[in-house]
């Protein structure tokens, strides 16, 4: 089923094309920003009028005249406004029919794409040498949200967890382990705190030249395939992945072992990447390193910026691996889109990698390469979020703190609840609050992390939305309302009509997130939906209503709960029946 916006855009575009005698006219129908502008507004008349060199209002008059001959049941009226806008008011009866068709015939509230694509989403991708920290939160949950959204739209989603599992840091860790213990069976115990183990190894590496040389030799033995060193490396990876998977489980993130496609996966391809670049004369040797210089990349002083492919010592870099990954995703996975959910500070890196990949024809024009950049989580001091002592905050510790604060809040508000239930509510609410506080911000912006605001039951927060859902479910449970056994038949007030229209616009918002990859659009929608429901609940009594009015309002409440639940699920947030 098309969304209302898609249907109206097609309807008005056809009329505009017929009047203007243009085969590909776009009416550019948008959601009206103010009630006096109707429910939707077509604002593409001006562009076409300019193209035709005609008066836009006169063109709008002709378009509306054409539309009036169609007698479209969904539309109550088309009205011309300003220099040539067309305000569109919808028929309330048709809105009810559309809603009931969705609810009673199991049609999806969120429409699927007419032409599904294969989309690779590269997200989370922690360094397996140490535990996940707060810097991994945004990439993990933004990527998961986009995967959920695009999957719901019917696309074939290939998740790729491009973890860092190779390189000099593993030589350092292996050398340190061998120094402190000859018994590799003790490794899992020693790595219970990965961060502490890593810091100790790094201190030895930085302070002792002989240890540093031993670490470098360990890298050589590892990369040459020495079985002893590979076995130790595999234990590091296994222990590290266990830490990651525990985090993914708590975050309700849809990443599994089958989605793992680590740096080491591409090792065998790296020499070929360099050779192919060399064969087409893209390689330039600079200070012993093999680089690609493209004219579109230069520094402030105009000097060319290199994309370093291979270091002077023969080692490969992230760019080499990312080129191999891009080629694999195009040639083997046959992707139409490749989304890289990575920190905004890597923007230049991906611009260069994408440009080199296209120049070398590792990928074709059919593949859209997209860096889904995100900003930094900041502390109250406006600096990257850290512990009071200045250390990096482990993601596990952040989640634990969120759950603890949520438990204290739940206990304060509902001390009579059983402690087990309070802890269950706290676990889900605390994690949801952290995730939503992040996802509700524009992903390209830095944001200040504040416990007090994210756990508030007022404002655009997860607790507010979860409470709204729980409140609706409480009403429905009292009246034994199943998900679709009541129909929406009456929209006698603006509050009822506004609520229904907002619910039906969920699919339009999901389309926008699928196209532009900004989860905060969905968060804003859910917050507005919850607010509109609260206004409906206050203005339109449900419990005191009778007959058809009561049934219709209960059905409207159930439809709201469905929209909230689906929206929260796309964010990776599990709602609660009781709070």
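Numbering (this note's numbering), first residue to last: -13 to 565.
C-beta atoms are modelled at their ideal positions from N, C-alpha and C, and glycine is treated no differently.
Does the distance from the C-beta atom of residue i to that of residue j stay below 8 Å?
i	j	result
residue 541	residue 472	yes
residue 35	residue 70	yes
residue 353	residue 310	no
residue 111	residue 148	yes
residue 364	residue 432	yes
residue 359	residue 328	yes
residue 275	residue 296	yes
residue 227	residue 307	no
residue 456	residue 516	no
residue 490	residue 499	no
residue 414	residue 396	no
residue 146	residue 247	yes
residue 49	residue 2	yes
residue 330	residue 361	yes
residue 567	residue 458	Missing from the structure shown is residue 567; the chain here goes from -13 to 565 and no further.
residue 58	residue 136	no
residue 138	residue 496	yes
residue 262	residue 341	no
residue 424	residue 124	yes
Of all the options the options, which has the alpha carbon lying nearest to the alpha carbon of residue i?
i	options	result
residue 293	336, 126, 319 and 287	336
residue 116	156, 97 and 107	156
residue 572	125, 181 and 67	The chain is shown only over -13 to 565; residue 572 falls outside these bounds and no answer can be derived.
residue 278	317, 332, 223 and 344	344
residue 30	195, 22, 43 and 101	43
residue 167	183, 438, 226 and 431	183
residue 24	65, 50 and 47	65
residue 126	214, 381, 346 and 152	381
residue 122	67, 93 and 237	237
residue 105	449, 243 and 503	503
residue 416	387, 399 and 405	387
residue 27	72, 425, 233 and 215	72
residue 7	45, 14 and 192	45
residue 113	130, 88 and 154	154
residue 545	497, 533 and 483	483
residue 401	565, 288, 286 and 426	565
residue 254	221, 209 and 52	209
residue 191	159, 222, -2 and 448	159
residue 348	326, 429, 366 and 315	315
residue 566	32, 22 and 20	What is shown of the chain runs -13 to 565, which leaves residue 566 out entirely.
residue 108	101, 143, 398 and 83	143
residue 338	22, 281, 398 and 56	281
residue 426	-13, 101, 119 and 446	446
Round the Cβ separation of residue i and residue j to the nearest angstrom and send it over; I've been treating them as touching at under 8 Å.
i	j	result
residue 419	residue 385	With a Cβ gap of about 10 Å, residue 419 and residue 385 do not count as contacting.
residue 554	residue 512	7 Å
residue -11	residue 494	5 Å
residue 324	residue 240	In fact, because the Cβ distance is near 18 Å, the residues do not count as touching under 8 Å.
residue 486	residue 476	Rounded, the Cβ-Cβ distance is 10 Å, inconsistent with contact.
residue 557	residue 505	7 Å
residue 559	residue 422	6 Å
residue 80	residue 60	5 Å
residue 479	residue 525	6 Å
residue 412	residue 393	4 Å
residue 250	residue 151	5 Å
residue 298	residue 264	15 Å between Cβ atoms; not a contact.
residue 67	residue 77	Actually they are not in contact, since the Cβ atoms of residue 67 and residue 77 sit about 19 Å apart, beyond 8 Å.
residue 204	residue 215	6 Å
residue 561	residue 551	6 Å
Could you give the DSSP three-state label for residue i: helix, strand or coil?
i	result
residue 146	strand
residue 277	strand
residue 401	coil
residue 282	strand
residue 112	coil
residue 328	strand
residue 141	coil
residue 239	coil
residue 270	strand
residue 104	strand
residue 290	strand
residue 28	strand
residue 20	coil
residue 76	strand
residue 295	strand
Practice item. Could you pull out every unbroken beta strand (DSSP E) segment of at least 3 residues lying fully inside the segment 350 to 394, listed in chain order? Key: Within the segment 350 to 394, the complete beta strand (DSSP E) segments of 3 residues or longer fall at 354 to 360, listed in chain order.
Check your understanding: Which whole runs of the alpha helix (DSSP H) in the segment 420 to 498 are 4 residues long or more, in chain order?
Key -> Whole alpha helix (DSSP H) segments, 4+ residues: 437 to 440, 448 to 464 and 480 to 490.
Practice item. Please specify which runs of the alpha helix (DSSP H), each continuous and at least 4 residues long, are wholly inside the segment 36 to 70, giving them in chain order. Key: Qualifying alpha helix (DSSP H) stretches, in chain order: 42 to 54.
**Study point:** Minimum length 4: unbroken alpha helix (DSSP H) runs contained in the segment 198 to 263
**Key:** At a cut-off of 4 residues, the continuous stretches assigned as alpha helix (DSSP H) that sit fully inside the segment 198 to 263 are 213 to 237.
Review point. What runs of the alpha helix (DSSP H), each 4 residues or longer, lie entirely inside the segment 497 to 537?
Key: For the segment 497 to 537, whole alpha helix (DSSP H) runs of length 4 or above, ordered along the chain, are 506 to 525.
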